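Chemist: The following block contains the structure, expressed as structure tokens.
Number of protein chains: 2
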Amino acid sequence: MSCHKVLKEHGYRLTPQRLMVVDAVHSMDRHISAEEIFDRVRKSYPYANISTVYRTLELLKELGLVVETDFGEGRLRYHHAEKGHHHHLVCRVCGEVAELPESALDGLQEKLVHERGFEAEFKHLAISGVCSKCRGKVRKVRPGHPYRRSH
Amino acid sequence: MSCHKVLKEHGYRLTPQRLMVVDAVHSMDRHISAEEIFDRVRKSYPYANISTVYRTLELLKELGLVVETDFGEGRLRYHHAEKGHHHHLVCRVCGEVAELPESALDGLQEKLVHERGFEAEFKHLAISGVCSKCRGKVRKVRPGHPYRRSH
DNA sequence: GATAATATTGCAACTGGTTGCAATAGCGAC
DNA sequence: GTCGCTATTGCAACCAGTTGCAATATTATC
């Protein structure tokens, strides 16, 4: 179902700003940050405000239209929900990000329900650790993290 | 082992500011925030700076002396490592926070190693969901979240 | 106890993100 | 097409946390 339709059906107004944010998220293949979305929006409408971008992302997230993921780089990233729900395995050595199907946490989820009566809601987790290629390779040069903070 | 000793053994200086931060974390039974630590430190030394608190917490965390947990309230909280490593089950309805032993994630960890060769490092996770008491109780009044953001 | 090397601090400016409020604009009703 | 209601925006100020840099203070050595 289209994002426009979902927004409309929930009684939200289809403002140009919102549509531009939706467009930016959909046009990006990889996970996009709020700042990147803002840059794209500003190309069409230079008077746009970053807080509108944040508010729109919050809304789209609540409606289940976009998915928010924290890769541990100090900012959040988004992708459109049509790509499906999944978690991520983030290697802290080489920075590789692998997808992990949602079902991988089914076991843990059932365990928590049975043992504790707790209904866990795992939302697009980014699990940090060391990938298969990097395990055992000590002190290897890091080729660069896709989303690493620069400083 | 005492925090003073560990700091010293690693070649770090035992400055009054550091000792006050260590003291604040140790004197608090529940999970304490950086701001709360800062308030305590300022009582002994009014010229203290919040960035020193953050830098000290970062250091203590790296040395494994304190544990950092994100309860999803917009700020991080700390407790001293002697309390042991564990995860948390945070109920998004009533706000109750229950402890979950580290071993609860052993199954998932092994699964990731076997299936993906990925060595996950789960660090004091706060798992959001609905607790046993709140499951089924729809639209119950929330008695208050221990660490909920006020706004 | 004084000296020197340098780790640490305080400061100010910055980051990503949030929020209260007045002004604006989308949309349904006419 | 105009009107009015109110959702939404832009703004500015704020929040938690980080960082570069000059000044300061801890510690080892004498």
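Chains as they are written, first to last, in the numbering used here: chain W, 1 to 151; chain V, 1 to 151. From the three backbone atoms N, C-alpha and C, an ideal C-beta is built for every residue, glycine too. Being a predicted model, the structure only gives us computed values, none of them experimental.
#1: Quick one: list the residues of chain W neighbouring Val-130/V, beta-carbon separation under 8 Å, in chain order.
#2: Bridge partners for Tyr-47/V per DSSP, in chain order?
#3: Report the residue from Phe-118/V, Glu-35/V and His-4/V whose alpha carbon sits nearest the alpha carbon of Leu-76/V.
#4: List, in order along the chain, the chain W residues whose C-beta lies closer than 8 Å to that of Leu-89/V?
#5: With DSSP run on the structure shown, which of helix, strand or coil describes Cys-91/V?
#6: Looking at Ala-126/V and Thr-69/V, is the spacing between their C-beta atoms short of 8 Å?
#7: So, at 8 Å on beta carbons, what are the nonlocal neighbours of Arg-92/W in its own chain, with the 5 sequence-adjacent residues on each side left out?
#8: Counting only C-beta atoms, is Leu-59/V closer than 8 Å to chain W at any point?
#9: Using C-beta distances below 8 Å, list every residue in its chain close to His-86/W, excluding the 5 sequence neighbours before and after it, in chain order.
#10: Taking DSSP as the reference, what is the three-state secondary structure of His-124/V?
#11: Output, in chain order, the set of chain V residues within a Cβ distance shorter than 8 Å of Leu-63/W.
#12: When burial is assigned at 16 or more other CB atoms within 10 Å of the CB, is Leu-112/W buried or exposed?
#13: Count the other CB atoms within 10 Å of the CB of Pro-16/W; is the residue buried (16 or more) or exposed (fewer)?
#14: Check distances from the C-beta atoms of the region 83-109 of chain V to those of chain W and list, in chain order, the residues that come in under 8 Å.
#15: If I follow the unbroken beta strand (DSSP E) through Glu-68/W, where does it start and stop?
#16: Are the CB atoms of Phe-118/W and Ser-2/V nearer to each other than 8 Å?
#17: Report the CB separation of Val-66/W from His-88/W in whole angstroms; it is logged as a contact under 8 Å.
#18: For a contact meaning CB atoms closer than 7 Å, what does Ile-127/W contact in chain V?
Modeler: The relevant details are as follows:
#1: Phe-118, Glu-119 and Glu-121
#2: Its beta-bridge partners do not exist; DSSP assigns none.
#3: Glu-35/V
#4: Leu-112, Arg-116, Phe-118 and Ala-120
#5: strand
#6: yes
#7: Ser-128, Gly-129 and Val-130
#8: no
#9: Glu-99, Leu-100, Pro-101, Glu-102 and His-124
#10: coil
#11: Simply none; closest approach about 18 Å.
#12: buried
#13: exposed
#14: Leu-89, Cys-91, Arg-92, Ala-98, Leu-100, Ala-104, Leu-105, Gly-107 and Leu-108
#15: 66-70
#16: no
#17: At roughly 16 Å, the Cβ-Cβ gap does not stay under 8 Å, so Val-66/W and His-88/W are not in contact.
#18: Ala-120
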